[in-house]
Structures are given as structure tokens and as C-alpha cells.
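I have placed the structure first, in the form of C-alpha cells, so that the comments after it can refer back to it.
Protein chains: 2
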Amino acid sequence: MDKKELLLEAATKLFVARGLHATPTSAISKEAGVSAGILFHYFKTKDDLIDELYLSIKKELNSSILNDINKINSDIGKLRLIWSNLWNWGLDNKLKFKFLQQIDHTNCSEKVKQHPEIMEKQQHFRAFIEESIDKKIIKNIDIQFLMSSMFYLIASLVNHLTMFPELRHNQVFIEQAWEMYYNSLKP
Amino acid sequence: MDKKELLLEAATKLFVARGLHATPTSAISKEAGVSAGILFHYFKTKDDLIDELYLSIKKELNSSILNDINKINSDIGKLRLIWSNLWNWGLDNKLKFKFLQQIDHTNCSEKVKQHPEIMEKQQHFRAFIEESIDKKIIKNIDIQFLMSSMFYLIASLVNHLTMFPELRHNQVFIEQAWEMYYNSLKP
DNA sequence: ATTTTTGTTGACTGATTAGTCAATTTTAAA
DNA sequence: TTTAAAATTGACTAATCAGTCAACAAAAAT
Numbered sequence: 003m004d005k006k007e008l009l010l011e012a013a014t015k016l017f018v019a020r021g022l023h024a025t026p027t028s029a030i031s032k033e034a035g036v037s038a039g040i041l042f043h044y045f046k047t048k049d050d051l052i053d054e055l056y057l058s059i060k061k062e063l064n065s066s067i068l069n070d071i072n073k074i075n076s077d078i079g080k081l082r083l084i085w086s087n088l089w090n091w092g093l094d095n096k097l098k099f100k101f102l103q104q105i106d107h108t109n110c111s112e113k114v115k116q117h118p119e120i121m122e123k124q125q126h127f128r129a130f131i132e133e134s135i136d137k138k139i140i141k142n143i144d145i146q147f148l149m150s151s152m153f154y155l156i157a158s159l160v161n162h163l164t165m166f167p168e169l170r171h172n173q174v175f176i177e178q179a180w181e182m183y184y185n186s187l188k189p
Numbered sequence: 003m004d005k006k007e008l009l010l011e012a013a014t015k016l017f018v019a020r021g022l023h024a025t026p027t028s029a030i031s032k033e034a035g036v037s038a039g040i041l042f043h044y045f046k047t048k049d050d051l052i053d054e055l056y057l058s059i060k061k062e063l064n065s066s067i068l069n070d071i072n073k074i075n076s077d078i079g080k081l082r083l084i085w086s087n088l089w090n091w092g093l094d095n096k097l098k099f100k101f102l103q104q105i106d107h108t109n110c111s112e113k114v115k116q117h118p119e120i121m122e123k124q125q126h127f128r129a130f131i132e133e134s135i136d137k138k139i140i141k142n143i144d145i146q147f148l149m150s151s152m153f154y155l156i157a158s159l160v161n162h163l164t165m166f167p168e169l170r171h172n173q174v175f176i177e178q179a180w181e182m183y184y185n186s187l188k189p
């Protein structure tokens, strides 16, 4: 068993359940079933643990964005795949997704949020969006705002589907959600 | 000077700047310029302070939603006024808005989030949306998801305008943002 | 087989925390 | 003016926290 991994998993679970402010390192090591000291062998400080956890999860999410993108030919099909990659990842990784949202809305790990490994992956996504704007598939509007809005709409979908899991395979609902999403983007 | 109000203001500022987890009550009373003990005279516990702060700010936001709604006749005009009421409130109350987002994305104050005073005001808004759906102004889709998406899109706008304040009075940008918003909603 | 390195433990510590309380001041009431 | 009630203080405490460390165990290298 990789104790570092156990610690990260335990931390995710507890941070989401109780919040950063109410999760002592002792609770994390206990939940992971390891000694208290080992946490500080793998992570210099508690904040380091939070940073590293955020970084690894964000990288995981970013990696999934462009999954199978080459299997699709049409531009709108690609856009839809990205959309569905993102919300499916969120649903398959509910705790991790919640943790990301939590950190993204808190003034912490600010440096990590701009880590090169995060920026790099998003750069690919950004390039795709810029291309789509050129091709008139997407509205020509402030690209940062555009991307932010895309993520926010997907977060809204993930959170809703987390509350009502049966909707995930309700074709009508998913189609309506896509319509909402794409209507907000198209020129 | 109302010391309770001073404490709530100081708490908002520090919670946003440092996060719940890194803001001791001692820092709050110090920032407010009052004694450490008085915080617990007005609030039974730190969590009570957080709950009460959340409740008061959320009520403030909710109150602003339907501002001047009767001065507008057209249905779409009303929808747009609600949209602009919300993001303007967010920009005029940046710290409070950030605090709300922070709490909304954390597992805390769960009971307060469903407080009757909060639900009641949102009920008016919900009624307006239901009416708009009936009138075919808004897409007929799961209303809870619809409302959630509306809030998320507005949050995205507030956060973007907070980063780039000069855009607030850029008519072209605001018009594009409205277009994105309404396109996602219209049938 | 022996040494070195790495992983692991849990008791420990100094600092910090939420919350208390007796004493004092301020305000309001009689 | 006197008295009672409410507001305010800051030193205090018991609990909890992040982080250390000496000792031990396991694995790798020699």
C-alpha cells in the first residue's frame, strides 16, 4: 500500500466532508490508517499537502478534457466531447471535483493555481477555443470570460447531476443541458 | 459604533483574505478593534458567527434580486434587470460575494443554507422563472438546474469583472455577456 | 552477511485555539 | 441620585493543533 496515496485520498474525503478549517492532520492520518508522523515525511506542511493534492487532482481533470478528441471529426462534435468529458469526469470523481471547487473559491494555494503543469494543459484547451472562434463556431468574446463561463456551466451541471444521479442517463435532460451550453457559446 | 457590525465586517474581510481555516477569532476581534471576549458575547461560537454572517449576506443579496422590477414592463426586460441586479450587487459587494461563494462551495453552515428567510426570497424569484417558462420566454427545463445555471453564469461574470473592472462600463462587453446569458435560457 | 538508506512509528512539544469569567465600565431605568 | 441591567474588557484555561524526533523496521545496496 502506498501510504502517500492513502493520505491524499483520506485528505480529499475529509476536506470535502468537513472543510479545510475543520480537518486536522491527525484526522487525516487516522483516516488513512497510518501514523501521525508519516504525513510530515511525505508533505513538509499541511499547506503543502493541500497544494500537492490540488495540483494532482487538477492535472487529472485537465488530462481528461481532450480525451478521444481525435476520434471525432466535426468541430461541434469536438466541442461537445470536451463538454461531456468534463462533466463525466466530475461525476466519476465527485469528491475530487468538490475539492477542486472548494479550493478554487478559497484564497489558498494561490501559487499552485498558476502552476506551469496546470497552465500547459489548459493552453491546449485554450488553443482549441481560439480555433473555434476563428471558425465561427464560438462567439467572438473575451476568451478568458468565455472559458470561465464554460467551466461554471459545467460545474452547475455536475452539481445538479450529483444531486439527481438518475438524470445522468436521461437523454432528454442531457440534450437540453447541451443545448443550454452550446446556445450560450454559439455566435 | 455597533461592535457586532464591526465584528461581522472584520470577519468577512479576513475569511475572504485568509480562508475560514486560517482565521482565528482572535484575529477577527483584533481587526474589528474590540476585545476578544466580546465576540462570544454576540456569537455563541465561531461557527455561529459564520452562520449568522452567511445568513445576513445571503438575505442582502436576495433582497436585491427583484429591485425596481416593477419599473420595467417587458418580460425580457425584467429578466435582464434581475441579471444586472445580481452582478451589480456582486460588484458593489465584492467581499460579501466572495464570502458567499466560499461558503456555498464548502460543507459548512448546511442548516443555514436552507433557512426559511433564504428560501422565502428565492421563492419569489422562482415564481418569476416559472411564469417566464409558461410565457415561453425561458426554456422549459428542470427549473432547479436552470436557476443554478443562471447563478453560476452570473458568478462567472462577477468574478471576471472583478479581475477586469474596466469592463464593467464597456457596453459592448456587457451586451455580449447578456447575449451569452439569455441565449442559454431562451427556448 | 553487513551496511546504508528509506520508510514508519507514536509519544512529545511549544504554539495556538475557541471559549470562559470575574471585574469594570457604560447605559438605562427607577 | 441610586440601582439595576447590559456591554466590554483582557487575563486565563483546557483542549487541540501542526510539526519534531529518537527509535525502530524494512528494503536496497554493497
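Here the protein sequences line up with chains D and Y, keeping their order. Under this note's numbering, the first residue of the first sequence is numbered 3, with each subsequent residue one higher. Under this note's numbering, the first residue of the second sequence is numbered 3, with each subsequent residue one higher. Idealized CB from N, CA, C, for every residue including glycine. Computed from a predicted structure; not experimentally measured.
Just measuring C-alpha positions, the residue of Y:K141, Y:H171 and Y:K5 sitting nearest G39 of chain Y is Y:K5. The beta carbons of I105 of chain Y and Y44 of chain Y sit no closer together than 7 Å. For L51 of chain Y, the three-state secondary structure derived from DSSP is helix. Between I84 of chain Y and chain D, the shortest Cβ-Cβ separation is not below 7 Å. Around the Cβ of H126 of chain D, a 10 Å sphere holds fewer than 16 other Cβ atoms; the residue is exposed.
Neighbours of I59 of chain D in chain Y, taken as residues at a C-beta separation under 9 Å, are lacking, since the least C-beta distance is about 15 Å. At a cut-off of 7 Å between beta carbons, L22 of chain D contacts chain Y. Across the set D:A34, D:D53 and D:F130, the C-alpha of D:F130 shows the shortest separation from the C-alpha of K80 of chain D. In the three-state reduction of the DSSP assignment, S158 of chain Y falls in the helix class, which pools H, G and I.
Looking from the CA of M152 of chain D, the closest CA among D:S186, D:H107, D:L68 and D:K113 belongs to D:S186. In this structure, F17 of chain D lies away from F99 of chain D, with their beta-carbon atoms at least 7 Å apart. Using beta-carbon distances, I143 of chain Y counts as an interface residue toward chain D, with a partner under 7 Å. Look at P189 of chain D here: in three-state DSSP terms it is coil, with no helix or strand label. For V160 of chain Y, there are no C-beta contacts with chain D under 9 Å, since the nearest C-beta of that chain is about 11 Å from it. Looking from the CA of W85 of chain Y, the closest CA among Y:A157, Y:P167 and Y:V36 belongs to Y:A157.
The continuous stretches of alpha helix (DSSP H) do not include Q116 of chain D, and DSSP gives it neither H nor E.
Under a 10 Å Cβ-count criterion, M182 of chain D is classified as buried, with 16 or more other Cβ atoms of the shown protein chains found around its own Cβ. Annotation: Cβ neighbours of F175 of chain Y in chain D (cutoff 7 Å, chain order): D144. Between D50 of chain Y and S111 of chain Y, the C-beta gap is not smaller than 7 Å, which leaves the two residues out of contact. For K32 of chain D, the enclosing alpha helix (DSSP H) begins and ends at T27 to A34. Within chain Y, no residue has its beta carbon less than 8 Å from that of H43 of chain D; the closest one is some 23 Å off.
Judged by DSSP in its simplified three-state form, F130 of chain Y adopts helix. In the three-state reduction of the DSSP assignment, N87 of chain D falls in the helix class, which pools H, G and I.
DSSP places N69 of chain D outside both helix and strand once states are collapsed to three, so it counts as coil.
Beta-carbon to beta-carbon, I145 of chain D and E132 of chain D are separated by about 7 Å, close enough to satisfy the 8 Å threshold. For D106 of chain D, the uninterrupted alpha helix (DSSP H) run begins and ends at K96 to D106, by DSSP. G35 of chain Y is classed as exposed because its beta carbon has fewer than 16 other beta carbons within 10 Å across all chains shown. The contact set of Y154 of chain D on chain Y, defined by CB atoms closer than 8 Å, consists of Y154, L155, A157 and S158 in chain order.
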